[in-house]
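Colleague: As numbered in our numbering, residues 94 to 254 make up the sequence shown, in order.
Where is the CB? At the ideal position from N, CA and C, for every residue including glycine.
This structure is a prediction, so every number in the text was calculated from the model and none was measured.
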Amino acid sequence: MVGFYVIAPESALVQKLVHAGQVEMSSGKFINEVKQDGVKVYWLGPVSGYVYTINHEVAGIADVFYLPNGTDPSDKKAFLYEVKTYKSQSVWDAHTHTILATANTKTIAVNEVLSIRINPTSMKGVIATFADKPEILAIAYPKPQILSNMIKNVESLKLIR
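(1) State the DSSP-derived secondary structure class of ALA224, mapped to helix, strand or coil.
(2) If we count the other Cβ atoms within 10 Å of its Cβ and call it buried at 16 or more, is ILE239 buried or exposed?
(3) Going straight from the alpha carbon of VAL184 to that of GLY142, what length do you get?
(4) Got a sec? Which residues, its chain only, sit under 7 Å from VAL132 by beta carbon, not counting five neighbours each side?
(5) Hey, how far is the Cα of LEU173 from the Cα of TYR135?
(6) Please report how far the alpha carbon of ILE147 lies from the alpha carbon of THR222, in whole angstroms.
(7) Using the rule of at least 16 other Cβ atoms within 10 Å of the residue's Cβ for burial, across every protein chain shown, is ASN242 buried or exposed?
(8) Would you kindly report the start and end of the unbroken alpha helix (DSSP H) that includes LEU173?
(9) Note down, in chain order, each residue of its chain lying with its Cβ closer than 8 Å to the Cβ of LYS170, except the 5 sequence neighbours on either side.
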């Protein structure tokens with residue numbers, strides 16, 4: 094006898110895949126998932142034609158990818174943005190980083206509460222620190238960006254509550 098299994102939509106296996114960034118979600122499903130899990134996540138808001146994945150298997154880090162609708166969630170090369178939320182400086186310090194993984198960085202004070210770090214050679218990522226919050230936020234891009242767009246994106250980051 095040949096059998097098959099039906100996995101309930103909210104099964105432990107599905108939740109494990111969601112938490113590992115292997116399930117694409119609409120903006121509404123993404124927001125509900127983040128709220129249900131109680132994870133602190135910043136993002137840039139919804140973008141038409143894109144779906145979202147979140148990986149928060151590592152304590153204190155939430156990694157959000159914006160992928161074109163219909164993209165295999167495991168293919169992270171097609172991303173529009175990758176937004177990472179690090180819970181604190183100590184979480185940041187305890188991990189290696191692909192965003193700005195170089196010593197060639199420049200720090201810019203944008204205003205009295207926001208400072209950013211960029212790699213002026215590649216212009217493919219920005220790290221943001223804030224005087225008024227403990228999180229460190231990072232945005233990666235597939236292509237070089239102009240500085241004003243990077244700053245605008247950092248200033249547009251929203252906490253999902």
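Modeller: The structure says:
(1) One-based indexing of the sequence shown puts residue 224 at position 131. ALA224 falls in the coil class under three-state DSSP.
(2) Counting from 1 along the sequence shown, the entry for residue 239 is found at position 146. By the 10 Å Cβ count, ILE239 comes out exposed.
(3) Taking the first residue of the sequence shown as position 1, residue 184 is located at position 91. Taking the first residue of the sequence shown as position 1, residue 142 is located at position 49. When rounded, the distance between both Cα atoms is 32 Å.
(4) For this step, residue 132 is matched to residue 39 along the sequence shown. For VAL132, where only same-chain residues beyond five positions count, the Cβ hits under 7 Å are HIS149 and ALA155.
(5) Locating residue 173 in the sequence shown gives position 80, where the first residue counts as 1. Locating residue 135 in the sequence shown gives position 42, where the first residue counts as 1. Their Cα atoms are separated by approximately 16 Å.
(6) Here residue 147 corresponds to residue number 54 of the sequence shown, with the count starting at 1. Here residue 222 corresponds to residue number 129 of the sequence shown, with the count starting at 1. Their Cα atoms are separated by approximately 21 Å.
(7) On the sequence shown, residue 242 is found 149 positions in, with the first residue counted as 1. ASN242 should be labelled exposed.
(8) Residue 173 sits at position 80 when you count from the first residue of the sequence shown. Per DSSP, LEU173 belongs to no alpha helix (DSSP H) and is neither H nor E.
(9) One-based indexing of the sequence shown puts residue 170 at position 77. Once the five neighbours on either side are set aside, the close Cβ partners of LYS170 are PRO235.
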